[in-house]
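Novice:
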Amino acid sequence: MEFLDLKTQQKRIRKPLEKRINKILDHGAYIMGPEVFELEEKLADYCGVKHAISCSSGTDALLIPLMAWGIGPGDAVFTTPFTYVATAEVISILGATPVFVDVYESTYNIDCDKLEIEINKVIEEGKLTPKAIIPVDLFGLPARYRLIDKIAKKYNLKVIEDAAQSFGGSIRKKKVGTFGDVAATSFYPAKPLGCYGDGGAIFTNDDNLAEECKAIRIHGTRKDKYNSEMIGLNGRLDSIQAAVLLEKLSIFDEELEMRNEVNAHYRKYLNNAQHHPNAYQSAQALFSIVLGSNSKRNDVVERLSKNKIPSVIYYKFPIHLMEAFKYLGYSTGDLPISESLSDSIISLPMHPYLKKREVNFIINAIQKKSWKW
Ligand SMILES: Cc1ncc(COP(=O)(O)O)c(C=O)c1O
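Position 10, counted from 1, in the sequence shown is what numbering that gives the first Met the number 0 calls 9; the numbers after and before it change by one each time, with no gaps.
1. Is it a yes or a no for the region 259 to 274 touching the region 95 to 113, going by three-plus beta-carbon pairs under 8 angstroms?
2. Excluding the five sequence neighbours on either side, which residues of its own chain have a C-beta within less than 6 angstroms of the C-beta of K371, listed in chain order?
3. Quick check: what's the CA-CA separation for V299 versus V289?
4. So what does DSSP say about G139, is it helix, strand or coil?
5. Looking at C-beta atoms only, is the number of pairs between the region 173 to 180 and the region 45 to 52 that lie closer than 8 angstroms three or more?
6. I'd like to confirm something about G219: is its beta-carbon nearer than 7 angstroms to some heavy atom of ligand 1, or not?
7. Locate the beta strand (DSSP E) running through S227, then write down its first and last residues.
8. Following a CB-centred definition, is Y195 positioned closer than 7 angstroms to any heavy atom of ligand 1?
9. Could you check where the beta strand (DSSP E) with T78 kicks off and where it finishes?
10. For P141, count neighbouring C-beta atoms within 10 Å of its own C-beta (all shown protein chains included) and say buried if the count is 16 or more, exposed if not.
11. For S238, does the count of other Cβ atoms within 10 angstroms reach 16, so buried, or fall short, so exposed?
12. Name the DSSP bridge partner or partners of F251?
13. V158 and V261 - do their beta-carbons sit closer together than 8 angstroms?
14. Suppose contacts are defined by Cβ-Cβ distances below 8 angstroms. Is M349 in contact with R258 by that definition?
15. Does the beta-carbon of Y314, which I'm using as the reference point, lie nearer than 7 angstroms to any heavy atom of ligand 1?
16. Is the separation between the beta-carbon of A162 and that of D197 shorter than 8 angstroms?
17. Assuming contact is defined by CB atoms lying nearer than 8 angstroms, are P191 and G139 in contact in what I supplied?
18. Return yes when the Cβ of S53 is within less than 8 angstroms of the Cβ of A183, no when it is not.
19. Does the beta carbon of E40 come closer than 8 angstroms to any beta carbon on chain C?
20. May I have the straight-line CA-CA distance separating G94 from D25, to the nearest angstrom?
21. Taking D101 and P335 to be in contact with their CB atoms under 8 angstroms, please state how far apart those CB atoms are, rounded to whole angstroms.
22. Kindly provide the ranges of any beta strand (DSSP E) runs that are 3 or more residues long and lie completely inside the region 260 to 331, ordered along the chain.
23. Please state whether the Cβ-Cβ distance between Y329 and F166 is less than 8 angstroms.
24. DSSP state of L93, grouped into three classes?
25. Alpha carbons only, please: which of P33, A200, I361, G332 is nearest the one belonging to I345?
26. Would you kindly report the start and end of the unbroken alpha helix (DSSP H) that includes H26?
27. A85 and L114: beta carbons closer than 8 angstroms?
28. If you measure from the CB of D161, is any heavy atom of ligand 1 nearer than 7 angstroms?
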């Protein structure tokens, strides 16, 4: 059994994909070729947003808008510590300060009451200027954007949706990519929509921001490729990766439906999974359960591996306790929910091609002992 089965998917798209790749080999526009623009149009259409700007990774998709806003030293950017490190890393790269806000115990997404408390603390301390919020749509579940937007308006903050895991998700049928001022997704191979290398995209309805992001993505150039108008990056997506994404996008909705079915089947037997509120559609990137304690998790990991069932811990270390972020001065106990999730969570196999009998096998392996969750 695989944690993520990309081979079955590849068999489905292999022929049309080879055709697309051969076309690229013929035309030779490996960088910013026609496939990149075709993809951007289709992505924007899919999300219902004005601009989709492809780029080299989900990390750069977060970094580029922050650069466009001029976020830097002295600025506070609020996010959660229970996410992949890239979310906080981009803040630190720019010399700004990540301010961590704990998550809800049920959804693992940013707690909006605590967000407002942290913003007020920063204002009272007077050392940093609050500038932006990066809510993370963890495991594919969108964060509470109605509340987040209200808070952002009240304190005049920008919102950048970390949609690395949630492309395809929605709230009340409004698609991920349309929340906040801008959204950033990742096309890392393991993501619901992934390419065969690194890739990402930025989504926004803001014309000016879109222009700035496009320029930053190509070394800060606008008209003349050899005359940079600002500091930028080499942040482009390759044509071949765009071709992979175009083929995968054509079966994406069907695969999302299949992921929904796997998720529903797991939930028939497990009541300790991430809570998905009504009207929130997760992209079902990962299926995770919380096991109450570290020793219970160790026990489950052992039983899964005895049965040759792969599992992964997302995330074993909350960012505020990582060595790289020690300089921020956080200690154990500062963000208790994130810390306890890190101690007791586990992700089980999740992909569109996971069969019901495989899910049953996983459930049996987990539930052999009769203790309460
Ligand atoms: C929540 C989150 N943010 C950002 C990223 C960064 O994306 P990438 O790996 O494409 O740079 C990831 C990727 O794993 C992620 O899961």
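From the three backbone atoms N, C-alpha and C, an ideal C-beta is built for every residue, glycine too.
Specialist: If we stick to the structure as given:
1. With the cut-off at 8 angstroms, the region 259 to 274 and the region 95 to 113 touch.
2. The predicted position of K371 is uncertain, since its pLDDT is 49 and thus under 50; a value taken from the coordinates is nonetheless stated next. So no residue of the chain qualifies.
3. Distance from the CA atom of V299 to the CA atom of V289, rounded to whole angstroms, is 11 angstroms.
4. Helix.
5. Enough Cβ pairs lie closer than 8 angstroms, so yes.
6. It does not: the Cβ of G219 is nowhere closer than 7 angstroms to a heavy atom of ligand 1.
7. It is not in any beta strand (DSSP E) - S227 carries neither H nor E in the DSSP assignment.
8. Set against 7 angstroms, the gap from the CB of Y195 to the closest heavy atom of ligand 1 is not smaller.
9. Its beta strand (DSSP E) spans residues 74 to 78.
10. With at least 16 other beta carbons inside 10 angstroms of its own, P141 counts as buried.
11. Burial is judged here by how many other beta carbons sit within 10 angstroms of a residue's own beta carbon; S238 has at least 16 and is buried.
12. Answer is none; F251 lacks a bridge partner.
13. The beta carbons of V261 and V158 sit no closer together than 8 angstroms.
14. Cβ atoms of M349 and R258: closer than 8 angstroms.
15. No, since every heavy atom of ligand 1 falls outside the 7 angstroms radius drawn around the Cβ of Y314.
16. Between A162 and D197, the gap from beta carbon to beta carbon reaches 8 angstroms or more.
17. It is a contact, given that the beta carbons lie within the stated cut-off.
18. In terms of Cβ geometry, A183 and S53 do not form a close pair [threshold 8 angstroms].
19. The displayed structure is made up of one protein chain only, and chain C is not part of it.
20. C-alpha separation (whole angstroms): 44 angstroms.
21. At roughly 7 angstroms, the Cβ-Cβ gap stays under 8 angstroms, so D101 and P335 are in contact.
22. Fully enclosed beta strand (DSSP E) runs of 3 or longer: 286 to 289.
23. No, they are not a contact pair.
24. Reduced to three states, the DSSP call for L93 is coil.
25. Here the closest residue by C-alpha is I361.
26. Note, H26: alpha helix (DSSP H), 6 to 26.
27. Their beta carbons are not under 8 angstroms apart, which means A85 does not touch L114 by this criterion.
28. It does: the Cβ of D161 is within 7 angstroms (strictly closer) of some heavy atom of ligand 1.
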